[in-house]
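Undergrad:
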Amino acid sequence: MNNITKDSVYEALKKIIDPDLNKDVISAGIIKGLVIKGGNVGFTLEVEPDQGNNKEPVRKACESAVMKLPGVISVTAVLTAELAKSNKPSNNSAIRQSPKPEIESKRKENQAEPRGVPGIESIIAIASAKGGVGKSTTAVNLATALAMQGNKVGLLDCDIYGPSSPKMLGLSGKPEIIPPNRLKPMEAFGLKCMSIGFLIDEDSPMIWRGPMVMSAIEQMLREVEWGNLDILVCDLPPGTGDAQLTLAQRVALTGAVIVSTPQDIALLDVRRGINMFHKVDVPVFGIIENMSYFVCPHCNKRSNIFNHGGAEKTANQMGIEFLGQIPLDILIRQTSDDGTPITVHEPNSEHSKVYCMMAKSLAENIASATASGHRQPPPIKIM
Ligand code: ADP
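Mapped onto the working numbering, the consecutive letters of the sequence shown carry residue numbers 1 to 383.
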């Protein structure tokens with residue numbers, strides 16, 4: 001039995017001083033979203049967008065202060081930069097009162113108008129705050145479901161660190177080069193697909209830094225002969241760091257979908273992901289709960305291995321649509337590993353029907369976002 005309370009956590013955090021604000025983190029009002037689940041504690045520190053790196057020592061100090069409390073098993077403190085200007089405390093630090101000119105110009109540079117891709121009507125991002133939650137499996141099945149519903153669909157595997165769509169779609173080999181320097185996308189199950197997995201050795205380690213990740217993604221986006229597409233589904237790298245933020249700023253995304261498992265601690269990061277998209281004015285079309293529950297194929301008993309329902313709760317709290325839940329199921333894993341997504345392999349299965357239902361809501365969301373003119377790509381120029 002542990003008796004961690006919000007008050008005891010706040011007490012511990014009160015001892016941590018933010019040197020920029022010259023006060024403790026509680027009085028400074030930067031601690032938000034405290035969640036206590038058993039011995040696991042999670043919260044966010046809201047900081048200025050350009051202060052992320054500077055605040056790392058404060059974040060770490062907060063984590064270790066809470067970790068020392070009796071009964072605490074884990075602490076997840078995350079830095080977020082989501083305070084609207086009007087919400088800032090009035091007694092700010094010098095940094096807040098006089099932003100350095102170079103920081104301001106960097107901000108402006110990052111805020112360059114996002115660009116679409118000629119011929120592609122809408123670009124959607126499938127994102128997750130963490131790896132291994134089933135983001136790629138969901139992206140592939142949504143893409144095939146959208147194609148089966150009559151849309152012209154492309155799948156861009158932006159998961160530079162762990163490209164999995166070639167395997168999930170049973171594709172191998174190198175894409176054809178269209179002279180002088182464009183690539184022809186690979187095709188499977190009515191989808192056009194491009195992935196870094198086609199271009200590098202399967203065993204070569206991917207130790208890429210932010211700008212390299214972005215330039216690889218831009219090339220796969222803009223130097224590939226996609227032709228005319230209704231929807232390009234982008235399977236983003238996991239996380240909500242610089243690479244994801246830059247992508248969301250530079251590419252005219254019509255909207256984003258967030259995939260999560262149901263646990264509270266995972267969902268803390270989901271909030272951060274949603275806030276990241278909001279910050280760059282990309283609508284979040286919905287949250288999907290993957291690995292939502294497990295039904296034993298032998299005794300039919302249901303277990304909530306990773307808890308259950310957390311994504312729907314978070315969606316409701318944040319005013320975002322809950323697109324649905326997908327269970328943890330061996331057939332989903334097997335069909336992905338074997339290179340034929342379940343939506344194609346067993347289109348009439350219960351799980352495929354759920355993917356198709358989610359794809360339908362997604363298509364409706366895309367249609368209304370496009371109709372309202374939100375981030376429409378530029379028209380095709382005929383030279
Ligand atoms: P991510 O893209 O988030 O890293 P993946 O889609 O690659 O995650 O999935 C990680 C592993 O989990 C893969 O082996 C995949 O087959 C499996 N997986 C994903 N979703 C499910 C599910 N609903 N049921 C069973 N296995 C799943």
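Cβ coordinates follow ideal geometry from the N, Cα and C atoms, glycine included.
Taking Cβ to Cβ, would you say G239 is nearer than 8 Å to V257?
TA: One-based indexing of the sequence shown puts residue 239 at position 239. One-based indexing of the sequence shown puts residue 257 at position 257. Cβ atoms of G239 and V257: not closer than 8 Å.
Undergrad: From the DSSP output, read off the bridge partner residues of T44.
TA: On the sequence shown, position 44 is the one that residue 44 refers to. In DSSP, T44 forms a bridge with K32, V78.
Undergrad: Does the beta-carbon of M291, which I'm using as the reference point, lie nearer than 7 Å to any heavy atom of the ligand ADP?
TA: Numbered from its first residue, the sequence shown carries residue 291 at position 291. Yes.
Undergrad: In three-state terms, what does DSSP make of M220?
TA: Here residue 220 is taken as the residue at index 220 of the sequence shown, counted from 1. Helix, per DSSP.
Undergrad: Using 8 Å as the Cβ pair cut-off and three pairs as the minimum, do the segment 139–154 and the segment 360–369 touch?
TA: yes
Undergrad: Use the C-beta contact count for H298: other C-beta atoms within 10 angstroms, 16 or more gives buried, fewer gives exposed.
TA: Numbered from its first residue, the sequence shown carries residue 298 at position 298. Answer is exposed; the Cβ neighbour count stays below 16.
Undergrad: Distance check for G116 and N365, CA to CA, integer angstroms please.
TA: Counted from its first residue, the sequence shown places residue 365 at position 365. Counted from its first residue, the sequence shown places residue 116 at position 116. Roughly 18 Å between the two C-alpha positions.
Undergrad: Between which two residues does the alpha helix (DSSP H) holding K353 run?
TA: Position 353 of the sequence shown, counted from the first residue, corresponds to residue 353. 350–371 is the extent of the alpha helix (DSSP H) around K353.
Undergrad: Are there any heavy atoms of the ligand ADP lying less than 7 Å away from the beta-carbon of K167, as far as the coordinates show?
TA: Within the sequence shown, numbered from 1, the residue matching residue 167 stands at position 167. Every heavy atom of the ligand ADP is 7 Å or more from the Cβ of K167, so no.
Undergrad: Measuring CB to CB, does S195 end up less than 8 Å from P237?
TA: Your numbering for residue 195 matches position 195 in the sequence shown. Your numbering for residue 237 matches position 237 in the sequence shown. The answer is no: Cβ separation not under 8 Å.
Undergrad: Would you decide whether S181 is buried or exposed? Buried here means 16 or more other CB atoms lie within 10 Å of its CB.
TA: Position 181 of the sequence shown holds residue 181. Per the sequence shown, the amino acid found at residue 181 is Asn instead of Ser. Burial call: exposed.
Undergrad: Using DSSP's beta-bridge definition, name the partner residues of I177.
TA: Indexing the sequence shown from 1 puts residue 177 at position 177. I177 pairs with L183.
Undergrad: Assign E121 to one of two classes, buried (16 or more other C-beta atoms within 10 Å of its C-beta) or exposed (fewer than that).
TA: For the purposes of this step, residue 121 is taken as residue 121 along the sequence shown, with counting starting at 1. E121 should be labelled buried.
Undergrad: Which two residues bound the contiguous alpha helix (DSSP H) that contains C193?
TA: Indexing the sequence shown from 1 puts residue 193 at position 193. Unbroken run through C193 is the beta strand (DSSP E), 191–195; no alpha helix (DSSP H).
Undergrad: So the alpha helix (DSSP H) D337 belongs to, where does it begin and stop?
TA: As a first step, residue 337 must be located in the sequence shown, where it is residue number 337. Per DSSP, D337 belongs to the alpha helix (DSSP H) from 330–338.
Undergrad: Any heavy atom of the ligand GDP closer than 7 Å to the Cβ of R182?
TA: Looking for the ligand GDP in the displayed structure turns up nothing; the ligands present are the ligand ADP.
Undergrad: Is the distance from the Cβ of T76 to the Cβ of G42 below 8 Å?
TA: As a first step, residue 76 is located in the sequence shown; it is residue number 76 there, counting from the start. As a first step, residue 42 is located in the sequence shown; it is residue number 42 there, counting from the start. Yes; because the gap between Cβ atoms is below 8 Å, this pair is in contact.
Undergrad: What do you reckon, is the C-beta of T261 under 7 Å from a heavy atom of the ligand ADP?
TA: By one-based count along the sequence shown, residue 261 stands at place 261. No, the ligand ADP has no heavy atom inside 7 Å of this Cβ.
Undergrad: From the DSSP secondary-structure annotation, give me the bridge partner or partners of N384.
TA: Nothing in the structure corresponds to residue 384, since the chain is present only between 1 and 383.
Undergrad: Looking at the secondary structure, which residues open and close the alpha helix (DSSP H) in which A143 lies?
TA: Here the question's residue 143 lines up with position 143 in the sequence shown. Element bounds for A143: 135–148.
Undergrad: With a Cβ-Cβ cutoff of 8 Å, do N141 and Y355 count as a contact?
TA: For this step, residue 141 is matched to residue 141 along the sequence shown. For this step, residue 355 is matched to residue 355 along the sequence shown. For N141 and Y355, yes; Cβs fall inside 8 Å.
Undergrad: Taking the straight line between their C-alpha atoms, what separation do you get for A188 and L169?
TA: Locating residue 188 in the sequence shown gives position 188, where the first residue counts as 1. Locating residue 169 in the sequence shown gives position 169, where the first residue counts as 1. Approximately 6 Å, taken between the alpha carbons.
Undergrad: Is the beta carbon of P175 closer than 8 Å to that of P163?
TA: What you label residue 163 is simply residue 163 of the sequence shown in a count that begins at 1. What you label residue 175 is simply residue 175 of the sequence shown in a count that begins at 1. Going by C-beta atoms, P163 is not nearer than 8 Å to P175.
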